[in-house]
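Scroll down for the structure; my scribbles are underneath it.
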Amino acid sequence: MKKLVCLYGTPSELVNGLNERAAEYAAEKELEYIWKPMQPFSEEAAVEALRGADAGIIDVEPYDKKIFSQINDSVKLLVRYGVGFDAVNLPDATEAGIAISRTTAANAEAVAEMAFAMIMGAKRQFVRNRNCVNEGKWVRNIGSEMHGATVGILGFGAIGSRLAKLFLGFDCRILVYDPYLPDEAAERAGVKKVDIDDIFRESDAVSVHVPYTKENHHIVNAERLALMKETAVIVCTARGNLVDEEALYEALKEERILGAGLDVFAKEPLPVTSPLIGLDNVILTPHVSAQTREALWNMYAKAIDIAAAFLNGEDIGRDLLNPEVLGKAK
Ligand SMILES: NC(=O)c1ccc[n+]([C@@H]2O[C@H](COP(=O)([O-])OP(=O)(O)OC[C@H]3O[C@@H](n4cnc5c(N)ncnc54)[C@H](O)[C@@H]3O)[C@@H](O)[C@H]2O)c1
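With the working numbering, the residue at position 172 of the sequence shown is 744, and numbering never jumps.
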């Protein structure tokens with residue numbers, strides 16, 4: 573049997589159970605599934621764990637030629653457990669003859685629901701209202717409704733498009749910035765394509781769903797935050813460094829916008845010295861948008877499906893992130 577080594581996951585009752593289920597599911601596809609969770613991550617430990625495997629399932633840590641060159645005797649494919657692949661050096665992987673994939677859309681519902689929850693929570697000032705209760709102050713901070721409001725979405729992929737569906741159910745006007753989205757697709761989805769600055773100017777809530785790339789570094793910056801309405805909120809569940817955290821801190825501290833929600837940070841774990849932690853108009857969570865029981869299983873199942881198909885020589889279509897590798901694979 574071909575070997576699939578999974579490096580994702582911190583041992584816990586839930587994850588242990590999912591791994592047992594993953595092993596059974598993989599066996600049905602004639603794959604031997606081996607779970608080697610790494611705490612903490614190191615390049616040496618990753619190489620040690622993956623050596624001799626046919627394929628691997630990896631998490632969000634950086635992978636480049638230092639690792640690839642030591643495992644490419646056997647490893648033909650690495651699947652990112654999740655969808656963001658900014659930490660994987662694709663040209664290095666191609667050079668080493670290793671295919672890279674991701675579990676496209678497997679966590680889209682989970683992340684869209686998180687963005688939705690953060691927008692609603694920021695609009696109704698959950699943190700500030702909760703602090704009032706904790707401190708024995710019965711101050712009723714006034715929020716505003718999302719019904720009929722304008723929602724701005726940066727990046728209309730698997731997650732952004734699902735978030736739009738949720739807010740269309742609230743009769744919202746949906747503005748989208750995504751240069752790769754064909755006009756007909758926007759029209760079909762009932763959303764309007766606009767320039768990025770119009771997203772910030774016109775929206776009551778802005779949600780970020782673009783991948784992290786050098787070009788997208790600080791796509792949410794001081795200038796764009798300055799365009800936002802005083803009553804608007806901004807949420808980022810995509811990647812740290814898409815938002816300039818210092819500029820966001822200033823905008824929140826000076827109450828130039830109503831609130832924010834961040835699930836991802838430039839540095840994770842977020843240092844306890846971060847000034848964001850002291851604010852009562854921002855919801856902060858520890859990169860948990862995809863952490864639902866449903867999404868965790870969807871990602872395991874999709875990773876195993878992809879590995880089984882690829883190792884059988886089948887076409888894995890758009891799940892393959894470096895198709896150039898096909899000419900190079902050993
Ligand atoms: N917090 C979490 O746990 C978590 C979980 C899943 C995904 N994510 C992040 O969310 C991001 C989006 O996930 P997805 O599944 O929707 O990905 P996706 O690939 O389906 O969609 C990304 C969309 O962004 C668009 N895009 C790319 N560059 C752009 C730019 N410069 N400006 C505007 N649009 C641009 C693409 O055309 C695409 O439509 C991922 O890249 C990942 O980093 C975070």
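The beta-carbon is built from N, C-alpha and C at its ideal position, and this holds for glycine as well.
Given the structure is predicted, the values throughout are model-derived calculations rather than measurements.
Review point. Counting Cβ pairs closer than 8 Å, one from the stretch 736–746 and one from the stretch 647–658, do we hit at least three?
Key: By the criterion of at least three beta-carbon pairs nearer than 8 Å, the stretch 736–746 is not in contact with the stretch 647–658.
**Study point:** Coarse secondary structure for residue 733, derived from DSSP in three states
**Key:** The answer is helix: DSSP assigns residue 733 an H, G or I state.
Exercise for review: Could you tell me whether the Cβ atoms of residue 621 and residue 575 are closer together than 9 Å?
Suggested key: Their beta carbons are not under 9 Å apart, which means residue 621 does not touch residue 575 by this criterion.
Exercise for review: Excluding the 5 residues preceding and the 5 following residue 831 in the sequence, name in chain order all residues of the same chain whose CB lies nearer than 6 Å to its CB.
Suggested key: The residues are 694, 805, 853.
Review point. Is residue 724 near residue 752, with beta carbons less than 9 Å apart?
Key: Cβ distance not < 9 Å, so residue 724 and residue 752 don't count as in contact.
Practice item. Assign residue 721 to one of three DSSP states: helix, strand, or coil. Key: In the structure shown, the three-state DSSP call for residue 721 is coil.
Exercise for review: Helix, strand or coil for residue 828, going by three-state DSSP, please let me know.
Suggested key: In this structure, residue 828 counts as coil in the three-state DSSP scheme.
Check your understanding: Quick one: is the Cβ of residue 872 within less than 8 Å of any heavy atom of ligand 3?
Key -> Ligands present in the displayed structure are limited to ligand 1, and ligand 3 is not among them.
**Study point:** Inter-stretch contact (C-beta, 8 Å, three-pair minimum) for the stretch 691–710 and the stretch 816–827
**Key:** Too few Cβ pairs lie closer than 8 Å, so no.
Exercise for review: Can you give me the Cβ contacts of residue 642 inside the same chain, cut-off strictly under 6 Å, excluding the 5 residues immediately before and after it?
Suggested key: Same-chain partners within the cutoff: 619.
Review point. Would you report the Cα separation of residue 762 and residue 726, rounded to the nearest angstrom?
Key: For residue 762 and residue 726, the distance between alpha carbons rounds to 16 Å.
Check your understanding: Closer than 8 Å: is that where the CB of residue 793 sits relative to any heavy atom of ligand 1?
Key -> Relative to ligand 1, residue 793 has its C-beta separated by 8 Å or more from all heavy atoms.
Check your understanding: Are the Cβ atoms of residue 715 and residue 743 separated by less than 9 Å?
Key -> Not a contact, by the Cβ cut-off of 9 Å.
Check your understanding: In or out: residue 833 buried (at least 16 other Cβ within 10 Å) or exposed?
Key -> Burial of residue 833 is indicated by the presence of at least 16 other C-beta atoms within 10 angstroms of its C-beta.
Point to revise | Distance between beta carbons of residue 706 and residue 668, contact taken as under 8 Å | key: Actually they do not touch by this definition, with Cβ atoms about 53 Å apart.
**Study point:** Through-space distance from residue 814 to residue 792, alpha-carbon basis
**Key:** If you take the alpha carbons of residue 792 and residue 814, they lie about 6 Å apart.
Review point. Run through DSSP, which three-state label would residue 522 get?
Key: Beyond the ends of the chain as shown, which are 573 and 902, falls residue 522; an answer cannot be given.
Practice item. Whole angstroms is fine: what's the gap from residue 635's alpha carbon to residue 671's? Key: Computed Cα separation, rounded: 13 Å.
Review point. Can you name, in chain order, every residue of its own chain whose Cβ lies under 7 Å from the Cβ of residue 894, other than the five neighbours on each side?
Key: 662, 665, 666, 671, 672.
**Study point:** Cβ-based neighbour list, residue 722, same chain, cut-off 6 Å, excluding 5 preceding and 5 following
**Key:** If you ignore the 5 residues before and after residue 722, its C-beta comes within less than 6 Å of the C-beta of 745, 774, 775, 776, all in its own chain and listed in chain order.
Review point. Considering only residues of the same chain and omitting the five flanking positions on each side of residue 682, which have a CB-CB separation below 7 Å?
Key: Cβ neighbours of residue 682 beyond the five flanking positions: 861, 862, 864, 866, 867.
Practice item. Would you mind sorting residue 898 into buried or exposed? The rule is 16 or more other CB atoms within 10 Å of its CB. Key: Per the 10 Å Cβ criterion, exposed.
Point to revise | Given residue 857 as reference, the closest of 632, 708, 807, 732 once Cα atoms are compared | key: The shortest C-alpha separation from residue 857 is found at 807.
Review point. Hey, how far is the Cα of residue 587 from the Cα of residue 735?
Key: Those two C-alpha atoms are separated by around 27 Å.
Review point. Sorry if obvious, but does the Cβ on residue 835 come closer than 8 Å to a heavy atom of ligand 1?
Key: Yes, ligand 1 has a heavy atom inside 8 Å of this Cβ.
Check your understanding: Cα-Cα, which of 889, 646, 887, 883 is closest to residue 602?
Key -> Taking only the C-alpha atoms, the option nearest residue 602 is 883.
Point to revise | Opening and closing residue of the alpha helix (DSSP H) in which residue 865 lies | key: 865–883 is the extent of the alpha helix (DSSP H) around residue 865.
Check your understanding: Are the CB atoms of residue 811 and residue 783 nearer to each other than 9 Å?
Key -> The Cβ-Cβ distance between residue 811 and residue 783 falls below 9 Å.
Practice item. Say yes only if the C-beta of residue 686 is nearer than 8 Å to one or more non-hydrogen atoms of ligand 1, and no if none qualify. Key: Yes, the Cβ of residue 686 comes within 8 Å of a heavy atom of ligand 1.
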